[in-house]
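In our numbering, the protein residues as written are 437 to 574.
All C-beta atoms, glycine included, are put in the ideal place defined by N, C-alpha and C.
Worksheet: the structure to be examined is printed underneath.
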């Protein structure tokens, strides 16, 4: 394919007139796909991104560049539930190992006057490191 022809096709994709070809047989093997899914999930959670990004046609066009089919929104929801349970279990185990934990609460409201309450646990580890962990936010 010539550069000119490739540029014309890309222009049509960018204008939304044609869709990039969906590749069923991805070059990603199952291990790489699982890794890509975990990294996508980590990016969405750690950067506070909306899960709806996976529904964007522009995001799908980007993923098609790498022949990667991202997980669906319901799949991401399931991953979040599993991840939440794992983090909650690790937090409980970590707090149980401490001799004492000081609890603080902080309340605030959004511009829309929605009320929020955060509960944080503070403690000093056996190695004399100060730690704090968000226990709950509602």
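As assigned by DSSP and simplified to three states, the class of residue i
{"i": "residue 555", "result": "strand"}
{"i": "residue 562", "result": "coil"}
{"i": "residue 572", "result": "strand"}
{"i": "residue 539", "result": "strand"}
{"i": "residue 478", "result": "helix"}
{"i": "residue 519", "result": "helix"}
{"i": "residue 492", "result": "coil"}
{"i": "residue 532", "result": "helix"}
{"i": "residue 469", "result": "helix"}
{"i": "residue 503", "result": "coil"}
Residue from the options with nearest C-alpha to residue i
{"i": "residue 471", "options": "555, 504 and 574", "result": "504"}
{"i": "residue 481", "options": "517, 467 and 491", "result": "517"}
{"i": "residue 557", "options": "565, 469 and 572", "result": "572"}
{"i": "residue 465", "options": "502, 547, 487 and 479", "result": "502"}
Integer-rounded CB distance, given that residue j should sit under 8 Å from residue i
{"i": "residue 509", "j": "residue 491", "result": "6 Å"}
{"i": "residue 549", "j": "residue 541", "result": "Actually they are not in contact, since the Cβ atoms of residue 549 and residue 541 sit about 19 Å apart, beyond 8 Å."}
{"i": "residue 569", "j": "residue 527", "result": "6 Å"}
Own chain, CB closer than 6 Å to residue i, minus 5 neighbours either side, in chain order
{"i": "residue 559", "result": "534, 537 and 567"}
{"i": "residue 460", "result": "The predicted position of residue 460 is uncertain, since its pLDDT is 44 and thus under 50; no value can be drawn from it."}
{"i": "residue 515", "result": "477"}
7 Å CB neighbourhood of residue i in its chain, flanking five on each side removed
{"i": "residue 561", "result": "567"}
Short CB-CB distance (under 8 Å) between residue i and chain C
{"i": "residue 543", "result": "The question asks about chain C, but that chain is absent: this structure has only one protein chain."}
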